[in-house]
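Participant: Have a look at the structure that comes next, please.
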Amino acid sequence: MSALAALTLVSQIWAGLSASDRPDETAASAALDALPAAPAPSLHIGRPEHLASGRYLSRWTIVRTRTIARTEPVATSSPVASLATATPDRTPNALTVLRTTTDAAGQLWVKVRLPVLPNGTVAWVRRHSLGAYQTVSTHLVVDRQRLRATLHRNGRLVFTAPVGVGTDSWPTPAGSFLIRSELTRYASAFYGPVAFGMSARSAVLTDWPGGGFVGIHGTNEPRLIPGRISHGCVRMRNSDILRLAKLMPVGTPVTIR
Amino acid sequence: MDRLTSFEGFLTSVDRDGAIAETRALADASVSRRRLLGLAFVGAGATLVAGVGEGRAASGLSTSDVSILNYALVLEYLQASFYTEAERGGALTGKTAEAAHIVGSVERAHVTAFRQLLGSKAVKRPLFDFQGTTEQPQPFLKTAVAFEDLAVAAYKGQAPKLTSKAVLAAAVGIHSVEARHAAWMRGLFGITPAVNAFDQPATRQSVNRIVASTHFIVERPEMRRRRKPEFTG
Chain A
1 MSALAALTLV SQIWAGLSAS DRPDETAASA ALDALPAAPA PSLHIGRPEH
51 LASGRYLSRW TIVRTRTIAR TEPVATSSPV ASLATATPDR TPNALTVLRT
101 TTDAAGQLWV KVRLPVLPNG TVAWVRRHSL GAYQTVSTHL VVDRQRLRAT
151 LHRNGRLVFT APVGVGTDSW PTPAGSFLIR SELTRYASAF YGPVAFGMSA
201 RSAVLTDWPG GGFVGIHGTN EPRLIPGRIS HGCVRMRNSD ILRLAKLMPV
251 GTPVTIR
Chain B
1 MDRLTSFEGF LTSVDRDGAI AETRALADAS VSRRRLLGLA FVGAGATLVA
51 GVGEGRAASG LSTSDVSILN YALVLEYLQA SFYTEAERGG ALTGKTAEAA
101 HIVGSVERAH VTAFRQLLGS KAVKRPLFDF QGTTEQPQPF LKTAVAFEDL
151 AVAAYKGQAP KLTSKAVLAA AVGIHSVEAR HAAWMRGLFG ITPAVNAFDQ
201 PATRQSVNRI VASTHFIVER PEMRRRRKPE FTG
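Protein chains in written order, with the working numbering: chain A, 1 to 257; chain B, 1 to 233.
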């Protein structure tokens with residue numbers, strides 16, 4: 001039945017009713033008017049929020065259970081490194097997430113950047129060995145030529161400071177790394193008030209305690225900054241490292257060039 | 001890393017002064033009281049509860065409503081984070097990717113609205129580990145169906161406990177949106193969108209049990225330590 005035919009039928013039925021059968025339209029209208037108005041909702045739901053481009057976002061995660069990183073996303077591929085759940089600083093072992101894929105058996109694999117030598121090594125890890133994905137919109141760049149560090153958030157410059165970097169004998173390694181820990185309240189004027197652990201490793205000081213990891217920290221010799229003065233770490237004046245600590249979350253990617 | 005097993009666990013972990021737990025107990029008590037009264041005095045019951053010391057929190061809301069709204073906010077965080085991670089990950093394609101994009105944008109709007117209403121009383125976003133369910137189409141859809149069905153049942157379960165009609169009006173508006181999402185995801189997953197003549201509400205306990213079984217809410221890893229560095233210097 002078409003909508004028009006249905007409407008006509010309803011009109012005919014309505015007209016066929018005697019006056020006494022019809023509801024009292026006046027009374028019905030009054031009853032409707034007497035109903036209380038619906039309360040205004042207390043929540044204002046705005047427009048749907050579409051994701052921003054994500055251009056400046058990077059993902060990181062932690063090693064949840066000890067695992068083997070492999071050359072390919074296949075269980076039988078060659079092992080590259082064994083990944084522990086904690087760093088030498090006893091913080092969770094953080095990794096940069098590069099991409100994910102699914103193998104022929106339906107298992108998820110994640111391509112990560114490893115905290116091993118040679119710096120820049122990437123490999124595949126089973127997804128179930130890793131923890132939650134977290135994202136940051138910050139990015140630190142250390143320029144060894146200009147002896148300057150700059151921090152960007154969502155692509156905008158939010159911090160810049162002069163730095164000390166490694167000497168020619170103990171160079172600060174170049175590459176893409178990750179801030180993976182923040183150490184504070186230790187008793188060492190040499191490292192200043194705050195020290196950030198990075199996934200970068202010295203290619204020279206491999207027998208250094210903890211494995212020769214390179215960090216970013218304060219100093220008790222601010223007059224040497226800027227300069228080529230360290231064993232590979234990035235040193236800042238204490239006022240600068242304190243300022244940076246308020247701006248830079250763990251998980252921030254670091255480019256040293 | 002320890003894994004928090006429930007919404008309750010998360011709310012307790014952020015509820016340092018016990019206010020949420022206290023007001024939730026009050027809210028639950030108020031419903032029990034109404035049940036004892038045969039639901040005859042719903043309006044009067046709310047007044048009675050207010051009269052026995054129920055405080056006012058964000059935007060003039062009762063503390064029991066704040067508790068329920070925070071509970072709903074965690075549910076909205078769960079959904080919004082799930083769809084955001086799926087969209088960012090880029091593993092979905094076609095109609096599934098489109099649904100994730102649209103539903104995610106709505107869930108994020110819900111989060112924003114709840115946070116604005118609750119103000120400083122809003123609980124913080126937990127950390128979620130979706131364990132790869134955002135990275136493959138079928139696990140994504142299966143989880144999305146579970147989340148949306150859960151949200152529909154949870155809103156239905158909490159709505160009768162709300163003391164503010166204005167909050168109830170908002171909750172009903174969100175509830176129907178979640179029901180549309182549930183039908184959409186069910187259709188994409190290949191199961192019947194609507195099978196029941198009457199949907200049962202879910203109690204807070206049953207929602208907790210379901211969420212606990214997923215282990216999706218995890219403790220935020222502690223990346224800061226009081227420890228002397230061993231860096232090369």
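The C-beta atom is built at its ideal place from N, Cα and C for all residues, glycine as well.
Go ahead and label Arg186 of chain B buried or exposed: buried means 16 or more other beta carbons lie within 10 angstroms of its beta carbon, across all protein chains shown.
Facilitator: buried
Participant: Run down chain A in chain order and give the residues with a C-beta less than 8 angstroms from the C-beta of Pro229 of chain B.
Facilitator: Asp89, Leu183, Tyr186, Ser188, Tyr191, Ala195, Gly197, Gly215 and His217
Participant: Pro118 of chain A: buried (16+ other C-beta within 10 angstroms of its C-beta) or exposed?
Facilitator: exposed
Participant: In the segment 186-210 of chain B, which residues sit with their C-beta less than 8 angstroms from some C-beta in chain A, listed in chain order?
Facilitator: none
Participant: Closest to Val116 of chain A by CA distance: which of A:Ala52, A:Ser176, A:Leu242 and A:Arg185 is it?
Facilitator: A:Ser176
Participant: Could you give the residue range of the beta strand (DSSP E) that holds Val152 of chain B?
Facilitator: From DSSP, Val152 of chain B is part of no beta strand (DSSP E) but of the alpha helix (DSSP H) over Pro137 to Gln158.
Participant: Once DSSP output is grouped into helix, strand and coil, what is the label at Phe128 of chain B?
Facilitator: Looking at Phe128 of chain B - three-state DSSP - the assignment turns out to be strand.
Participant: Which residues, taken in chain order from the segment 27-48 of chain A, show a beta carbon closer than 7 angstroms to some beta carbon of chain B?
Facilitator: Ala38, Pro39, Ala40, Pro41, Ser42, Leu43, His44, Ile45, Gly46, Arg47 and Pro48
Participant: Whole angstroms are fine: how far does the CA of Gly155 of chain A sit from the CA of Asp240 of chain A?
Facilitator: Rounded to the nearest angstrom, the two C-alpha atoms are 20 angstroms apart.
Participant: Tell me the rounded alpha-carbon separation between Asn208 of chain B and Gly157 of chain B.
Facilitator: Going from the Cα of Asn208 of chain B to the Cα of Gly157 of chain B covers about 13 angstroms.
Participant: Residue range of the beta strand (DSSP E) that Ser67 of chain B falls in?
Facilitator: Segment Thr63 to Gly89 is the alpha helix (DSSP H) holding Ser67 of chain B; no beta strand (DSSP E) there.
Participant: Measuring CA to CA, which of B:Asp65, B:Leu73, B:Arg108 and B:Val66 is closest to His50 of chain A?
Facilitator: When only C-alpha atoms are compared, the closest one is B:Arg108.
Participant: Between which residues of its own chain and Leu247 of chain A is the CB-CB distance below 8 angstroms, once the five residues before and five after are set aside?
Facilitator: Thr138, Leu151, Arg153, Val158 and Phe159
Participant: Is there at least one Cβ from chain A nearer than 8 angstroms to Glu87 of chain B's Cβ?
Facilitator: Under the 8 angstroms criterion on CB atoms, Glu87 of chain B is classed as interfacial with respect to chain A.
Participant: Which bits of chain B does Tyr133 of chain A rub up against, with CB to CB less than 7 angstroms?
Facilitator: Glu85
Participant: What residues from chain B crowd round Ala94 of chain A, counting only those whose CB sits closer than 9 angstroms?
Facilitator: What Ala94 of chain A touches in chain B: Pro221 and Met223.
Participant: Can you list the residues of chain A that Phe128 of chain B reaches, using a CB-CB cut of under 7 angstroms?
Facilitator: Those are Ala132, listed as they occur along chain A.
Participant: When DSSP builds the beta bridges, which residues end up paired with Lys111 of chain A?
Facilitator: A:Arg99 and A:Trp124
Participant: CB-CB under 6 angstroms to Val167 of chain B, same chain, minus the five flanking residues each way: which ones, in chain order?
Facilitator: Asp65
Participant: Out of B:Leu61, B:Ser105, B:Thr96 and B:Pro139, state which residue places its alpha-carbon closest to the alpha-carbon of Tyr77 of chain B.
Facilitator: B:Ser105
Participant: Using the three-state DSSP reduction, which class does Leu35 of chain A fall into: helix, strand or coil?
Facilitator: coil
Participant: Give me the Cβ distance between Ile102 of chain B and Pro48 of chain A, rounded to the nearest whole Å; I'm assuming they're in contact under 8 angstroms.
Facilitator: 7 angstroms
Participant: Can Ser78 of chain A and Thr71 of chain A be called in contact, C-beta distance under 8 angstroms?
Facilitator: yes
Participant: From A:Val141, A:Ala31 and A:Leu83, pick the residue whose C-alpha is nearest to that of Leu244 of chain A; which is it?
Facilitator: A:Val141
Participant: Are the C-beta atoms of Val254 of chain A and some chain B residue less than 8 angstroms apart?
Facilitator: no
Participant: Give me the chain B residues within the contact set of Gly210 of chain A, using Cβ-Cβ distance strictly less than 8 angstroms, ordered along the chain.
Facilitator: Going along chain B in sequence order, the residues near Gly210 of chain A (Cβ under 8 angstroms) are Glu230 and Phe231.
Participant: With DSSP as the reference, label Asp240 of chain A as helix, strand or coil.
Facilitator: helix
Participant: Looking at the structure shown, is Ser169 of chain A part of a helix, part of a strand, or coil, going by DSSP?
Facilitator: Ser169 of chain A: coil per DSSP, three-state reduction.
Participant: Could you give the first and the last residue of the continuous alpha helix (DSSP H) run that contains Ile210 of chain B?
Facilitator: Arg204 to Thr214
Participant: Fully enclosed by the segment 186-226 of chain A, which beta strand (DSSP E) runs are 3 residues long or longer?
Facilitator: With a minimum length of 3 residues, the continuous beta strand (DSSP E) runs that stay inside the segment 186-226 of chain A are 194-201 and 213-217.
Participant: Please work out which residues of its chain come closer than 8 angstroms, Cβ to Cβ, to Arg59 of chain A, disregarding the five sequence neighbours upstream and downstream, and give them in chain order.
Facilitator: Spatial neighbours of Arg59 of chain A in its own chain (CB-CB distance under 8 angstroms, excluding positions within 5 residues in sequence) are listed in chain order as Thr96, Val97, Tyr133, Gln134 and Thr135.
Participant: Looking at the unbroken beta strand (DSSP E) that takes in Leu92 of chain B, where does it start and where does it end?
Facilitator: No beta strand (DSSP E) holds Leu92 of chain B; DSSP gives it neither H nor E.
Participant: Taking a Cβ distance cut-off of 9 angstroms, strictly less, list which residues of the segment 134-146 of chain A are near chain B, in chain order.
Facilitator: Under the 9 angstroms Cβ criterion, the segment 134-146 of chain A contributes Gln134 and Thr135.
Participant: List the DSSP bridge partners of Ser42 of chain A.
Facilitator: Note: Ser42 of chain A sits in no beta bridge, so no partner.
Participant: Which residue marks the beginning of the beta strand (DSSP E) containing Ser82 of chain A, and which one marks its end?
Facilitator: Pro79 to Leu83
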